[in-house]
Structures are given as structure tokens and as C-alpha cells.
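Below: the structure, in C-alpha cells.
Residue numbers (UniProt numbering): 1 to 314.
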């Protein structure tokens, strides 16, 4: 059900959290339920004022700016109930939150998922004025996930990610034999959609440059445990690079060996064996070096121990 609520004139004082962003993006986030076309109309018409003056959509807010909003009609949609989420905290200060995300939880709502980590964090921390995802992890991937608590931190972190500054290391169990102890895989990746609308990635000559460094940690008769160091951060990069090398990730339902996955589930591995275990980067505001880690989840540890007990190591 959709109800319409009419607002009166309101005034908003810009603080450090909102400073630096464009006025149009500020209004789109503030006026949830208002079509973007209407936001741009009230900007063009001069109904939105900053410090009593007209501004265009590209104006960047400064601390202390007073933003006047005209009365607007907001569509109120019946909201889905989002349970508060409490996740293991690996690091937290006034600018940055890093959690250890469990497998099976999406990072945000959408694509058939009502809510994810970010919505649950906001529900659990109603006092937090700003919580935004810095990057993403696939739903079935566990491990380190960064959330910005200040816009200035988010902007700096996104700049770091564009320049491949964060050092992200993953643990992955591949089905089959990895070809050598250490290998740089540089295969371009192309995103596409299936006829059913499902997002997929494949190796394709005209795709985006992608670089992963794989190092073998343990070899078994039918599996290889590797560390994957991301040099770029493309969608599904590790998963597709391992598939392309003939060593797909155990339990991967999208790029893996489906018949083998059924047998793995019977043996106790009921999820994809991919874990974001290490993250190194300078702090986004202080430049202090951060060296963060998340231990391998219990279910992955148990499966590894069963391999060590029952599968021949090479």
C-alpha cells in the first residue's frame, strides 16, 4: 500500500557528515520516496535554497550551509520489517567499521533480497547518522567487509579502491589440482545477464582487465587450498579466474562443478569455500596502517580438517 504524505517547508543545517557532496545527491538521499525528476525540478525552479540563495544541481555542500526545502509530496510505502543485525566487529572507530560477514547474508537488499547487512546494521544502530557500504562481498562469501561511518571516509576509500590500494587476501578451496605453486592470472572479465536476468561473468577478450595472484597453501588428491590476492576488484573475479584455470571453487553454485557440489554437501560442505581473510590499507582519514584479519569460519575449518584426516596430501 502507498500513502501520500505532504511535507511543510523544512530547514537542514549541513554538518561534516554531509559536507562535500552534491546538493542533488543529498536531496535524493534525504527525500526517499520522491522521484528524482521532481528533485531536479525543485532545484531548477529555485524552490531549494542554500543560505537563502539559488544553487544548481552540481553545488557541493559545505559545513554550516542551511538548506531550505519546499513542501513536497512523499510516497510512503509499507516498509518490510528489517531485523537488527549484530555482526562480529573486527575494527571500529569514528570513521570506519569493519565486520566479519557470515556466508549466506547479502550485503544489501535488492534482486529478490528484502534486506542485507547494511540495512540490518542501520536498524541495529539507529543513532548512527551515516552508514554506507564501501565495497561488496558475494552473498555466499564470508569475511571482512568495510562500512564507512563518515562520508569523507567513504570518498577516500573509494579513491583507494579505484587505485587498487587495499590489499585483499582470500582463502579458497579449489576442486582439482592448481597448476603451480604461485601464478599471476590476468584474464579479462565481461559481465552479462542470462535470459532469466541473472548476473554472470565470463572470461572474454574485450572484458575488463583483471589480475589475481594465487599461491598454493595445501594440496590434496582432489583439492587445492589457495590464497588469492586481488590486484583488481572485478565482480566474481576469484571465482571466474579459478574456473578458467580448471580449478573451480568447492561449493560454488554459479561457476563450480554442480555434481561435485552435491557430493560435497553430503560430506558437510554446504557453502562456497571462499573467505575474505585479510585486509591491509591506510586508514582513510589518518593514514595509519591497518592490518586486519578474520579467521576461517568453523564450518570451513571442519571441512579442511576432515580432508587432512582422510584425503591424501600431496
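Even glycine gets a Cβ: it sits at the ideal position worked out from N, Cα and C.
- Ignore the nearest five residues each way along the sequence and tell me which others in residue 68's own chain have a CB closer than 6 Å to its CB. Sequence index remark: in the chain shown, residue 68 carries index 68 (1-based). Within the same chain, residue 68 has close Cβ partners 11, 49.
- Going by CA-CA distance only, name the one from 250, 70, 226 that's closest to residue 40. Here the question's residue 40 lines up with position 40 in the chain shown. The shortest C-alpha separation from residue 40 is found at 70.
- Extent of the continuous beta strand (DSSP E) to which residue 182 belongs: In the chain shown, residue 182 corresponds to position 182, counting from 1. Boundaries of the beta strand (DSSP E) around residue 182: 182–186.
- Message: Strictly by DSSP, which residues pair up with residue 208?
- Response: By one-based count along the chain shown, residue 208 stands at place 208. Per DSSP, the beta bridge partners of residue 208 are 189.
- Message: Once the 5 residues before and after residue 115 are set aside, which same chain residues still bring their CB inside 6 Å of it?
- Response: Here residue 115 corresponds to residue number 115 of the chain shown, with the count starting at 1. Leaving aside the five residues that flank residue 115 on each side, the residues in its chain whose CB is nearer than 6 Å to its CB run, in chain order, 82, 109.
- Range covered by the beta strand (DSSP E) that runs through residue 66: The residue given as residue 66 occupies position 66 in the chain shown. DSSP places residue 66 in the uninterrupted beta strand (DSSP E) bounded by 66–69.
- Query: Which same chain residues, not among the five before or five after residue 43, have their C-beta less than 8 Å away from its C-beta?
  - Reply: Your numbering for residue 43 matches position 43 in the chain shown. Counting only Cβ-Cβ distances below 8 Å, and skipping sequence neighbours, we find 23, 24, 27, 55, 56, 57.
- Message: Going by the DSSP bridge assignment, what does residue 109 pair with across the sheet?
- Response: One-based indexing of the chain shown puts residue 109 at position 109. Answer is none; residue 109 lacks a bridge partner.
- Task: Would you decide whether residue 310 is buried or exposed? Buried here means 16 or more other CB atoms lie within 10 Å of its CB.
- Result: Numbered from 1 along the chain shown, position 310 holds the residue referred to as residue 310. Exposed is the call here.
- From which residue to which residue does the beta strand (DSSP E) around residue 170 run? Taking the first residue of the chain shown as 1, we reach residue 170 at position 170. Where residue 170 is concerned, the enclosing beta strand (DSSP E) stretches over 167–175.
- Message: Tell me the residue span of the alpha helix (DSSP H) that contains residue 146.
- Response: Along the chain shown, one-based indexing puts residue 146 at 146. Counting along the chain, residue 146 falls outside any alpha helix (DSSP H), though it belongs to the beta strand (DSSP E) covering 142–148.
- Considering only the beta carbon of each residue, do residue 100 and residue 144 sit closer than 9 Å? The residue you call residue 100 lines up with position 100 of the chain shown. The residue you call residue 144 lines up with position 144 of the chain shown. Yes, the Cβ-Cβ distance between residue 100 and residue 144 is below 9 Å.
- Message: Quick test of the definition: if touching needs 3 or more C-beta pairs under 8 Å, does the region 157–166 touch the region 176–184?
- Response: No, the region 157–166 is not in contact with the region 176–184.
- Query: Assuming residue 297 contacts residue 275 under a Cβ cut-off of 8 Å, what Cβ separation, rounded to an integer in Å, is found between them?
  - Reply: Taking the chain shown and counting its residues from 1, the one referred to as residue 297 is at position 297. Taking the chain shown and counting its residues from 1, the one referred to as residue 275 is at position 275. Confirmed, Cβ separation roughly 6 Å.
- Between which two residues does the beta strand (DSSP E) containing residue 90 stretch? Indexing the chain shown from 1 puts residue 90 at position 90. Run containing residue 90: 89–92, per the beta strand (DSSP E) assignment.
- Query: With contact counted as at least three CB pairs below 8 Å, one residue from each stretch, are the region 259–275 and the region 202–218 in contact?
  - Reply: No, the region 259–275 does not touch the region 202–218.
- Selected residue, minimal CA-CA separation from residue 268, among 239, 291, 306: Within the chain shown, numbered from 1, the residue matching residue 268 stands at position 268. Of the candidates 239, 291, 306, the one whose C-alpha sits nearest the C-alpha of residue 268 is 306.
- Distance between beta carbons of residue 102 and residue 142, contact taken as under 8 Å: Taking the first residue of the chain shown as 1, we reach residue 142 at position 142. Taking the first residue of the chain shown as 1, we reach residue 102 at position 102. Yes, they are in contact, since the Cβ atoms of residue 142 and residue 102 sit about 6 Å apart, within 8 Å.
- Given a threshold of 16 other Cβ atoms within 10 Å of its Cβ, counted over all protein chains shown, does residue 401 qualify as buried or as exposed? Because the chain is modelled from 1 through 314, residue 401 falls outside the range shown and cannot be assessed.
- Can you pull the DSSP bridge partners for residue 228? Locating residue 228 in the chain shown gives position 228, counting from the first residue. For residue 228, which the question treats as bridged, DSSP gives the partners 170, 214.
- Can you tell which of 47, 34, 65 has the C-alpha that lies nearest to the C-alpha of residue 13? Working through the chain shown from its first residue, we reach residue 13 at position 13. Nearest in C-alpha terms to residue 13, of all of 47, 34, 65, is 65.
- Report, in whole angstroms, the separation of the C-beta atoms of residue 291 and residue 272, which I expect to be a contact under 8 Å. Translated into the one-based positions of the chain shown, residue 291 becomes position 291. Translated into the one-based positions of the chain shown, residue 272 becomes position 272. At roughly 26 Å, the Cβ-Cβ gap does not stay under 8 Å, so residue 291 and residue 272 are not in contact.
- the ligand NAD heavy atom lying under 8 Å from the CB of residue 295: Only the bare structure without any ligand can be found here, which leaves the ligand NAD out of the picture.
- In angstroms with no decimal places, state the Cα-to-Cα distance between residue 244 and residue 52. As a working note, residue 244 is residue 244 in the chain shown. As a working note, residue 52 is residue 52 in the chain shown. Cα-Cα distance, rounded: 59 Å.
- Message: Let me check one thing: in DSSP terms, what residues is residue 238 bridge-paired to?
- Response: The residue given as residue 238 occupies position 238 in the chain shown. In DSSP, residue 238 forms no bridge with anything.
- Message: Here's a check: name, in chain order, each residue in its chain whose Cβ is nearer than 8 Å to the Cβ of residue 302, leaving out the five neighbours to either side.
- Response: Mapped onto the chain shown, residue 302 falls at position 302. When the five nearest sequence neighbours on each side are left out, the beta carbons in the same chain lying within less than 8 Å of the beta carbon of residue 302 are those of 268, in order along the chain.
- Give the C-beta separation of residue 235 and residue 201 to the nearest angstrom, bearing in mind that I take them to be a contact with Cβ-Cβ under 8 Å. Reading the chain shown from its first residue, position 235 is the one you call residue 235. Reading the chain shown from its first residue, position 201 is the one you call residue 201. Indeed they touch by this definition, with Cβ atoms about 6 Å apart.
- Task: May I ask which residues mark the beginning and end of the alpha helix (DSSP H) holding residue 260?
- Result: As a first step, residue 260 must be located in the chain shown, where it is residue number 260. Here the alpha helix (DSSP H) through residue 260 covers 258–267.
- Ends of the alpha helix (DSSP H) at residue 300? Taking the first residue of the chain shown as 1, we reach residue 300 at position 300. Taken as a continuous stretch (DSSP letters only), the alpha helix (DSSP H) holding residue 300 covers 298–310.
- Message: At the level of alpha carbons, what is the spacing between residue 196 and residue 104?
- Response: On the chain shown, residue 196 is found 196 positions in, with the first residue counted as 1. On the chain shown, residue 104 is found 104 positions in, with the first residue counted as 1. If I take the Cα positions, the gap works out to 22 Å.
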